[in-house]
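Let me begin by presenting the structure, written as structure tokens, before commenting on it.
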């Protein structure tokens, strides 16, 4: 791609560093910004600069936060002995939006993935083990995505903390609400039969 | 979507103003930036700010340029009496990459589209008419996209300049190189038969 302007070329190159955005899309986005009032570009540039410069991670759960401790960790209504282990902040947002979880979180910041060169030392696993060692935690819920990497991460953490007095569980795998049974994959359907729940318990939800 | 950080929320909101980028994609992009070295965000923010602040449009053809006149307009090898009228800079880049055009351009900056509230006064049409009036132009090539809006724009410009001593043409519609004839739409195939070219002329390309 040949550009008639170095400034434009530079902006397109930087924009196309983002995942899923190629040179053509980047050019489309930058040209869109050029057609909008200047303020829009300045607000975007400012917001990106500020978020990267000033962002904090909660000291306890590693969730993104503007304070030292996030709002969830400092909320006195949450059960401090119940920890949900998730991959990143998007999972926290997804679980929070269900309103079904009243404990705290621990954000690992990724999952163990040798293919991508991500090992346990790159994640916030040590901090989690410390939290367990401190004795304040009664149950860990593993809420990683049900993939090979997610399962590996769960198992690695489990091995680190199995000698401590803490219960571990994983989120239930099963047929999603509204899905047709016949289109479910075998693994999920099999798990949903093995992990069946008493009918009366299911009525309470 | 509930965010645990105002900074993050702000960045996601600004990012999701871009066309084709929703809140979820914006969150994914911002989280990606947070995982990368700070420099990447700063370079992106800086490039966006700089391009919007300092971008120039060529005084003559309205192409994006770092100088007052773009490299194409100042190139003594280009034919100054032949003008290709295009919608935006991406079309200039596409035509330049063919190497088949040795004239100058005129970038309209959009096309007449009443549905989107874009009228002739929002485009660089007046400047084009002035260029034609000055008498230095012998031929205008309309290279708008073959859509309703493109055709409307072509016709509007044609009406404005038809009394002047200038030839007008449009780029040829026809079967694209490498395409199967049977899958071409009727309009295109019909035009390609009406606008057929002498076989010997086609051999020269």
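Protein chains in written order, with the UniProt record's numbering: chain D, 1 to 205; chain Y, 1 to 205. Think of the CB as a built atom: it goes at the ideal place given N, C-alpha and C, for glycine as much as any other residue. The structure presented is a predicted model; accordingly, all values stated were derived computationally and were not measured.
Can you name the residues of chain Y whose CB is closer than 9 Å to the CB of residue 16 of chain D?
In the first chain, the residue the question calls residue 16 of chain D occupies position 16. Here the premise fails: no neighbours, minimum Cβ distance about 10 Å.
Could you work out which residue in Y/41, Y/105, Y/87 and Y/101 is closest to residue 152 of chain Y when comparing CA atoms only?
Residue 152 of chain Y sits at position 152 when you count from the first residue of the second chain. Ranking Y/41, Y/105, Y/87 and Y/101 by CA distance to the CA of residue 152 of chain Y puts Y/87 first.
Closest Cβ-Cβ distance between residue 172 of chain D and chain Y: below 8 Å?
As a working mapping, residue 172 of chain D is identified with position 172 in the first chain. Not an interface residue.
Quick one: Cα of residue 203 of chain D to Cα of residue 193 of chain D, how far?
Walking along the first chain from the start, residue 203 of chain D turns up at place 203. Walking along the first chain from the start, residue 193 of chain D turns up at place 193. Taking the straight line joining both Cα atoms gives about 17 Å.
Just verifying my parser: in three-state terms, what is the DSSP assignment at residue 119 of chain D?
The residue given as residue 119 of chain D occupies position 119 in the first chain. Residue state, collapsed to three classes: coil.
In three-state terms, what does DSSP make of residue 200 of chain Y?
For this step, residue 200 of chain Y is matched to residue 200 along the second chain. DSSP places residue 200 of chain Y in helix when its eight states are reduced to three.
Name the chain D residues that come within less than 7 Å of residue 1 of chain Y, Cβ to Cβ?
Indexing the second chain from 1 puts residue 1 of chain Y at position 1. Under the 7 Å cutoff, chain D gives 93.
On the DSSP letters alone, give me the boundaries of the alpha helix (DSSP H) that residue 214 of chain Y sits inside.
It is not possible to answer for residue 214 of chain Y, since the shown part of chain Y is limited to 1 through 205.
Taking Cβ-Cβ distances below 9 Å as the criterion, which residues of the UniProt domain "Toprim" (81–176) of chain Y are in contact with chain D?
Flagged, chain order: 88, 89, 90, 92, 93, 96, 97, 109 and 110.
Among Y/17, Y/103 and Y/161, which residue has its Cα nearest to the Cα of residue 45 of chain D?
Counted from its first residue, the first chain places residue 45 of chain D at position 45. When each option's Cα is compared against that of residue 45 of chain D, the closest is Y/17.
Tell me, please, whether the CB atom of residue 19 of chain D is closer than 8 Å to any CB atom in chain Y?
In the first chain, residue 19 of chain D corresponds to position 19, counting from 1. So, interface residue.
Have a look at residue 177 of chain Y and residue 184 of chain Y and give me their C-alpha separation to the nearest angstrom.
In the second chain, counting from the first residue as 1, residue 177 of chain Y sits at position 177. In the second chain, counting from the first residue as 1, residue 184 of chain Y sits at position 184. For residue 177 of chain Y and residue 184 of chain Y, the distance between alpha carbons rounds to 12 Å.
Distance, Cα to Cα, residue 56 of chain D vs residue 9 of chain Y?
Position 56 of the first chain, counting from 1, holds the residue named residue 56 of chain D. Position 9 of the second chain, counting from 1, holds the residue named residue 9 of chain Y. So the alpha carbons of these two residues sit roughly 13 Å apart.
With distance defined between alpha-carbon atoms, name the residue in Y/155, Y/143 and Y/51 nearest to residue 255 of chain D.
Past the boundaries of the shown model lies residue 255 of chain D; chain D is included only from 1 to 205, so the question cannot be answered.
Could you give the residue range of the alpha helix (DSSP H) that holds residue 30 of chain Y?
Taking the first residue of the second chain as position 1, residue 30 of chain Y is located at position 30. Where residue 30 of chain Y is concerned, the enclosing alpha helix (DSSP H) stretches over 23–35.
Identify whether residue 186 of chain Y lies in helix, strand or coil by the three-state DSSP scheme.
Within the second chain, the letter at position 186 stands for residue 186 of chain Y. Note: residue 186 of chain Y maps to helix in three-state DSSP.
Quick one, which of D/129, D/127, D/190 and D/89 has its alpha-carbon nearest residue 110 of chain D's?
Numbered from its first residue, the first chain carries residue 110 of chain D at position 110. Measuring from the Cα of residue 110 of chain D, the nearest candidate turns out to be D/89.
For a contact defined as C-beta to C-beta under 8 Å, what are the partners of residue 54 of chain D on chain Y?
Translated into positions along the first chain, residue 54 of chain D becomes position 54. Near residue 54 of chain D (Cβ distances below 8 Å), the residues of chain Y are 7.
For residue 6 of chain D, tell me which candidate among Y/37, Y/22 and Y/67 has the shortest Cα-Cα distance.
The residue labelled residue 6 of chain D in the question sits at position 6 within the first chain. Here the closest residue by C-alpha is Y/67.
Could you tell me whether the Cβ atoms of residue 63 of chain D and residue 30 of chain D are closer together than 8 Å?
Here the question's residue 63 of chain D lines up with position 63 in the first chain. Here the question's residue 30 of chain D lines up with position 30 in the first chain. Taking 8 Å as the cut-off, the beta carbon of residue 63 of chain D is found no closer than this to the beta carbon of residue 30 of chain D.
Look at the Cβ atom of residue 182 of chain Y, then the Cβ atom of residue 93 of chain D, and state whether they are nearer than 8 Å.
Indexing the second chain from 1 puts residue 182 of chain Y at position 182. Indexing the first chain from 1 puts residue 93 of chain D at position 93. Their beta carbons are not under 8 Å apart, which means residue 182 of chain Y does not touch residue 93 of chain D by this criterion.
Take residue 98 of chain Y and list the residues in its own chain whose beta-carbon comes closer than 6 Å to its own, dropping the five residues that flank it on each side.
If you number the second chain from 1, residue 98 of chain Y lands on position 98. Cβ neighbours of residue 98 of chain Y beyond the five flanking positions: none.
Quick check on DSSP: helix, strand or coil for residue 103 of chain D?
Taking the first chain and counting its residues from 1, the one referred to as residue 103 of chain D is at position 103. Reduced to three states, the DSSP call for residue 103 of chain D is strand.
DSSP three-state label for residue 61 of chain Y, please.
Along the second chain, read from residue 1 onward, the residue named residue 61 of chain Y stands at position 61. It is coil, neither helix nor strand.
Given a limit of 8 Å on CB to CB distance, which residues of the stretch 63–74 of chain D reach chain Y?
63, 64, 65, 66, 70, 71 and 72
Give me the Cα-Cα distance between residue 117 of chain Y and residue 28 of chain D, rounded to the nearest whole angstrom.
Here residue 117 of chain Y is taken as the residue at index 117 of the second chain, counted from 1. Here residue 28 of chain D is taken as the residue at index 28 of the first chain, counted from 1. Cα to Cα, residue 117 of chain Y sits roughly 20 Å from residue 28 of chain D.
Please confirm whether residue 47 of chain D has its beta-carbon closer than 8 Å to some beta-carbon of chain Y.
Here residue 47 of chain D refers to the residue found at position 47 of the first chain. Yes - at least one Cβ of chain Y is within 8 Å of the one on residue 47 of chain D.
Any beta carbon of chain Y sitting closer than 8 Å to that of residue 204 of chain D?
Within the first chain, the letter at position 204 stands for residue 204 of chain D. No, no contact with chain Y.
Going by DSSP, what residue range makes up the alpha helix (DSSP H) through residue 219 of chain D?
Residue 219 of chain D lies beyond the range of chain D shown here (1 to 205); nothing can be said about it.
Against residue 26 of chain D, what residues of chain Y qualify as contacts under a CB-to-CB distance less than 7 Å, listed in chain order?
Residue numbering aside, residue 26 of chain D sits at position 26 when the first chain is read from its first letter. Residues of chain Y passing the Cβ test: none, with the nearest at roughly 10 Å.
Roughly how many angstroms lie between the CA atoms of residue 124 of chain D and residue 157 of chain D, to the nearest whole one?
Your numbering for residue 124 of chain D matches position 124 in the first chain. Your numbering for residue 157 of chain D matches position 157 in the first chain. If I take the Cα positions, the gap works out to 11 Å.
Flag residue 10 of chain Y as yes if its beta-carbon sits less than 8 Å from any beta-carbon of chain A, otherwise no.
In the structure shown, chain A cannot be found, because the protein chains are D and Y.
Within its chain, find whatever has a CB closer than 6 Å to the CB of residue 167 of chain D; leave out the 5 residues flanking it on each side and keep chain order.
Locating residue 167 of chain D in the first chain gives position 167, counting from the first residue. Excluding the 5 residues flanking it on each side, residue 167 of chain D has same chain C-beta neighbours closer than 6 Å at 139, in chain order.
Residue 18 of chain D by DSSP, collapsed to three states: which one?
Reading the first chain from its first residue, position 18 is the one you call residue 18 of chain D. In the structure shown, residue 18 of chain D sits in coil (DSSP, three-state: anything other than H, G, I, E or B).
Identify the continuous beta strand (DSSP E) that holds residue 139 of chain D and give its terminal residues.
Taking the first residue of the first chain as 1, we reach residue 139 of chain D at position 139. Start and end: 139–142.
Does the beta carbon of residue 197 of chain Y come closer than 8 Å to any beta carbon on chain D?
Residue 197 of chain Y sits at position 197 when you count from the first residue of the second chain. Not closer than 8 Å to any Cβ of chain D, the Cβ of residue 197 of chain Y fails to qualify, so no.
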